[in-house]
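J.:
Next up, the structure:
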């Protein structure tokens with residue numbers, strides 16, 4: 002599959018349409034009577050802009066209170082996930098300066114919860130980290146009849162993959178730097194908020210390793226926090242990242258009366274924010290200058306992949322948000338007279354299923370064949386350095402690029418604690434404060450049961466209904482021969498064999514895994 006290479010002219014045309022699909026940056030429970038309130042705590046110009054709404058009926062209303070001015074967009078959800086566009090003129094939304102007034106804070110104890118993936122800090126942590134990862138049904142989805150095998154399968158896969166994963170982590174220092182970097186981001190965000198007159202605490206909750214989200218929530222309760230802003234450190238929303246973390250929070254909130262009544266709001270994605278776009282452009286512009294001929298460098302955006310079925314069948318907005326994000330960054334670079342060609346590809350695929358294309362490794366080889374000599378890799382979906390940037394991009398993809406005829410290679414660092422980025426995150430938190438509301442404030446029982454409002458993110462992601470509907474098969478047409486389709490079917494047969502083996506281990510006293518010494522560790 003050929004990867005699209007964009008020229009400056011194509012960037013301009015695509016970016017104009019991408020602005021029309023920009024989703025609201027903040028979703029909240031602040032409204033008690035709306036089926037799906039979408040609130041837009043974002044500074045906008047008086048120019049007319051279009052926003053997307055996943056529903057059929059749209060109604061805009063304006064609040065003129067200077068401290069709590071916002072635009073509330075009401076959507077009557079339907080079963081279709083087709084995007085309905087609407088125009089909103091002269092949006093009255095608060096800036097960070099507007100809402101940092103003490104009347105918004107009062108006696109409340111404000112906090113921010115940063116959500117991230119987590120990573121093993123030592124080589125001994127690798128296998129249990131992988132177990133936590135694969136035990137998540139949002140990562141490996143089994144048919145419901147086999148759901149009881151989720152943890153045994155996770156143990157089997159984690160044990161099998163641990164040796165190779167340990168080699169990768171050993172090559173970057175013996176563990177992931179993600180926790181250290183996320184802690185540093187939390188500290189810098191706290192400083193920025195205090196500098197903007199918002200005395201908030203900042204907590205870190207990891208999905209698959211320490212400090213776990215559950216640990217962060219317990220500390221939030223002990224500290225008596227009354228207003229919480231949930232901020233996933235994923236610029237673009239996906240089922241497998243932000244969605245999984247929010248689902249975990251949802252289950253935690255339901256079980257605790259304190260949390261049900263604690264006021265909170267969620268910022269599910271923030272890839273379109275001006276500060277984030279400028280920070281990414283700053284890093285790209287700086288790295289381009291390290292090349293002898295910066296104008297000849299191909300800008301290569303590499304994003305973490307997701308299974309294709311998540312996007313095409315489950316309605317995951319990740320691909321659309323990623324493409325728009327790239328367009329916005331290139332548009333910003335064009336204002337700086339940087340008109341390089343660019344492309345987008347997806348990395349880190351695993352297993353036999355079809356993932357988002359084009360693939361990063363295949364695209365690098367293709368660019369080499371086309372005569373590209375200078376390549377600047379941009380890890381677009383990562384805000385911290387970890388194994389996907391330090392080992393997969395810096396080692397594997399660099400080596401592949403040089404082997405493919407690309408002579409000069411560069412890589413943009415992850416954002417980390419870049420000042421413009423951190424300051425903009427602080428602004429996003431402050432702008433969301435007027436919309437912090439309590440789950441218990443809603444008279445709608447369905448709304449109280451969901452951390453993410455019905456009709457917005459949850460309505461969009463069909464795979465996230467209360468029945469946890471199974472994701473559709475990734476390949477529906479059989480092709481003979483050594484093809485991707487054949488590989489996928491081979492993978493399915495192998496998966497079925499694994500499930501049968503595990504089922505036998507569950508029902509038999511002494512099976513193969515018992516004899517190999519693997520099964521006792523599962524119990």
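Numbering (the numbering used here), first residue to last: 2 to 524.
The beta-carbon is built from N, C-alpha and C at its ideal position, and this holds for glycine as well.
Owing to the predicted nature of the structure, the values given are computational and were not obtained by experimental measurement.
1. Between 284, 247, 279, 163, which has its C-alpha nearest residue 270's C-alpha?
2. Are there three or more Cβ pairs, one per stretch, closer than 8 Å when the region 233 to 245 is compared with the region 318 to 328?
3. When DSSP labels each residue in this structure, what does residue 376 get in the three-state scheme?
4. From residue 241 to residue 307, what does the alpha carbon distance come to, in whole angstroms?
5. Given a cut-off of 9 Å on the beta-carbon distance, is the pair residue 302 and residue 345 in contact?
6. I'd like to check one pair, residue 292 with residue 349: are the Cβ atoms closer than 9 Å?
7. For residue 172, does the count of other Cβ atoms within 10 angstroms reach 16, so buried, or fall short, so exposed?
8. Does DSSP put residue 347 in a helix, in a strand, or in coil?
9. Tell me the rounded alpha-carbon separation between residue 123 and residue 177.
10. I want to know whether the region 209 to 226 touches the region 244 to 258 - three or more CB-CB distances under 8 Å.
11. Give the DSSP-derived three-state secondary structure of residue 116 in the structure shown.
12. Can you tell me which of 314, 371, 416 puts its alpha carbon nearest to the alpha carbon of residue 285?
13. Rank 253, 145, 380, 385 by C-alpha distance to the C-alpha of residue 219 and give the top, closest one.
14. Compute the beta-carbon to beta-carbon distance between residue 357 and residue 347, rounded to the nearest angstrom, for a pair I have assumed lies under 8 Å.
15. Report the partner residues of residue 229 according to the DSSP bridge assignment.
16. Where does the unbroken beta strand (DSSP E) through residue 412 begin, and where does it stop?
17. So for residue 292, helix, strand or coil by DSSP?
18. With C-beta atoms as the reference, is residue 259 less than 9 Å away from residue 222?
19. Pick out whichever of 232, 327, 365 has its Cα sitting closest to the Cα of residue 113.
20. Check each candidate in 300, 404, 180, 140 and name the one with the smallest Cα separation from residue 352.
21. Measure how close the beta-carbons of residue 1 and residue 160 come, nearest whole angstrom, since I'm counting them as under 8 Å.
22. Which residue from 382, 384, 378, 383 puts its Cα closest to that of residue 397?
23. Using the Cβ count rule (16 or more neighbours within 10 Å means buried), how would you classify residue 288?
24. Cutting at 7 Å between CB atoms, please list the residues of its own chain near residue 418, excluding the five before and the five after it.
25. If we require 4 or more residues per run, which alpha helix (DSSP H) segments fall completely within the region 360 to 404?
26. Whose C-beta lies closer than 8 Å to the C-beta of residue 243 among residues of the same chain, with five residues either side of it excluded?
27. Ordered along the chain, which non-local residues of its own chain (more than five positions away) have a Cβ less than 6 Å from that of residue 8?
28. Whose CA, out of 265, 399, 144, 393, lies closest to the CA of residue 227?
29. Going by beta carbon distance, what residues of the same chain come within less than 6 Å of residue 387, once the five residues before and after it are set aside?
30. Going straight from the alpha carbon of residue 207 to that of residue 135, what length do you get?
31. Given a threshold of 16 other Cβ atoms within 10 Å of its Cβ, counted over all protein chains shown, does residue 276 qualify as buried or as exposed?
32. Per DSSP, which residues does residue 301 bridge with? Please list them.
33. What first and last residue would you give for the alpha helix (DSSP H) that runs through residue 205?
34. With a threshold of 8 Å, establish whether the CB of residue 193 neighbours any heavy atom of the ligand PLP.
35. What's the gap between the Cα of residue 5 and the Cα of residue 422?
T.: The answer reads as follows:
1. 247
2. yes
3. strand
4. 8 Å
5. yes
6. It is not a contact, given that the beta carbons lie outside the stated cut-off.
7. exposed
8. strand
9. 8 Å
10. yes
11. Note: residue 116 maps to strand in three-state DSSP.
12. 416
13. 253
14. 4 Å
15. 112, 265
16. 409 to 412
17. coil
18. yes
19. 232
20. 140
21. There is simply no residue 1 to check, as the chain begins at 2 and stops at 524 in what is shown.
22. 378
23. buried
24. 185, 186, 189
25. 361 to 370, 399 to 404
26. 116, 233, 235, 269, 270
27. 342
28. Per the C-alpha coordinates, the member of 265, 399, 144, 393 positioned closest to residue 227 is 265.
29. 120, 177, 179
30. 15 Å
31. Counting every other CB atom within 10 Å of its CB across the protein chains shown gives residue 276 a total of 16 or more, marking it as buried.
32. 344, 378
33. That residue, residue 205, is in no alpha helix (DSSP H); its beta strand (DSSP E) goes 202 to 207.
34. The model on display carries no ligand, and the ligand PLP is accordingly not part of it.
35. 29 Å
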